[in-house]
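*Asks:* This is the structure I want to talk about, given as structure tokens.
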Amino acid sequence: MSRIAGAFAALLVSLAGSSAQAQAPTSAPAASGERKNFLWEVSSLTNKVYLFGTIHAGKKDWFPLPEVVEKAFTESKVLVVEADITDQEAMMKSAPLLMYAPPSNLETAVGPEEYARFKKHLARYSLPEAPLRQLKPFSAVSMLVFSEWGRLGYLPNFGVDAYLIQKARAELKPLIEIEGVETQSALIGSLTPEQNRQIFTGTMKAIESGLTSEQITGMVNAWQSGDANLLLEIARKYNDDVPGAKEFEEMFIWARHDAMVKKIEGYLGEARKPHFIAVGALHMAGPRGLVELLRKRGFVVKQL
């Protein structure tokens, strides 16, 4: 769920990033050595694509990415991302889907008791109340999750997606959105008031119990070791412990794959024009992930 939040977090990165930077602990780079990456090569008779699972916040010392990833990117003629998170104009156009127009606000949506809990988290992360008060519950609680990433040392301005987009622009490499800001924002905007309240309450409980920090650490470890099965296990544990999380994962991850696969099949139908496709890491995992869906369609798939 936090992966889609990455599409609009750039609008508020100054809020989460500045406070998180002050709180972020230092840490050593990931251990080096032979290991798989969250990268797969998918080949057709005429073309190939690279599927790279990303996480949307990171650390400066992650870059450049592992040599095999950088080589695949250089070889590719096109970069494909979920949404261009650097497109500020698109972000602003989508903002009404993610925010309330006065006099409506977050407190009236979730009630005084839940809002009071939320305010305690704002103090913890040194986030200002006024701009977040106008966010819808999913958007607001996603900012808390990003701030928890920041508290652990993983910052949005060092997100893998942002790095790849900046690199593509520097190299004049074409950039394609497999979904786009508008599509992702519309999905968030389609949540009902009850769904918004449920994810708001469940996510705050996960933060308070330490489950969110445990999930973040596990996700990063799984990503750095290229272990898609471990990543799926971490997601399932979260779903088991947070009411409604499984339903939200269905909506925000797996239900999007049919449309993604159709576009990827189109890229594979082109001739000698490799595409580098960077989407959230969980999209790659399990029998319903993009990797296995493409394998079942007869393409040759191997992890690098």
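Residue numbers (the numbering used here): 2 to 305.
In this text, a Cβ means the ideal position worked out from N, Cα and C, and glycines have one as well.
My parser needs the beta strand (DSSP E) runs of 3 or more residues fully inside the region 142-188; what are they?
*Replies:* Taking only runs of at least 3 residues, the beta strand (DSSP E) segments lying wholly in the region 142-188 are 176-178.
*Asks:* Go ahead and pull the three-state DSSP assignment for A272.
*Replies:* In this structure, A272 counts as coil in the three-state DSSP scheme.
*Asks:* Beta-carbon within less than 6 angstroms of L176's beta-carbon, same chain only, minus the 5 sequence neighbours each way: which residues are those?
*Replies:* Excluding positions up to five away in sequence, the list reads L80, A169.
*Asks:* From what residue to what residue does the alpha helix (DSSP H) around T55 run?
*Replies:* First-last for T55: 49-55, but that is the beta strand (DSSP E), not the alpha helix (DSSP H).
*Asks:* How about E68: is its Cβ closer than 7 angstroms to a heavy atom in the ligand FMN?
*Replies:* The ligand FMN is absent from the structure shown, which contains no ligand whatsoever.
*Asks:* Counting beta carbon pairs with one atom in the region 119-136 and one in the region 184-191, are three or more of them shorter than 8 angstroms?
*Replies:* The region 184-191, when compared against the region 119-136, does not touch it at the 8 angstroms Cβ threshold.
*Asks:* Compute the beta-carbon to beta-carbon distance between I179 and E90, rounded to the nearest angstrom, for a pair I have assumed lies under 8 angstroms.
*Replies:* No, I179 and E90 are not in contact; Cβ-Cβ is about 19 angstroms, not under 8 angstroms.
*Asks:* Pairs of beta-carbons, one from the region 218-230 and one from the region 240-257, closer than 8 angstroms: are there three or more?
*Replies:* At 8 angstroms Cβ cutoff, the stretches do not touch.
*Asks:* Pick helix, strand or coil for S33, following the three-state DSSP scheme.
*Replies:* Per-residue confidence for S33 stands at a pLDDT of 44, beneath the threshold of 50, marking its modelled position as unreliable; no derived number is given.
*Asks:* Please give me, in chain order, every unbroken run of the alpha helix (DSSP H) with length at least 4 that falls completely inside the region 243-273.
*Replies:* Within the region 243-273, the complete alpha helix (DSSP H) runs of at least 4 residues are 246-253, 258-269.
*Asks:* Tell me the DSSP bridge mates of G306?
*Replies:* The requested residue 306 does not occur in the structure, where the chain is confined to residues 2 to 305.
*Asks:* Could you work out which residue in V292, Q135, M92, E215 is closest to E149 when comparing CA atoms only?
*Replies:* When only C-alpha atoms are compared, the closest one is E215.
*Asks:* Taking a contact to mean a Cβ-Cβ separation below 8 angstroms, would you say H122 touches M205 in this structure?
*Replies:* For H122 and M205, yes; Cβs fall inside 8 angstroms.
*Asks:* Is it buried or exposed for K137, if we count other Cβ within 10 angstroms and need 16 for buried?
*Replies:* The residue in question, K137, is buried, as its Cβ has 16 or more Cβ neighbours within 10 Å.
*Asks:* Do V70 and N48 have their C-beta atoms closer together than 8 angstroms?
*Replies:* Contact: no.
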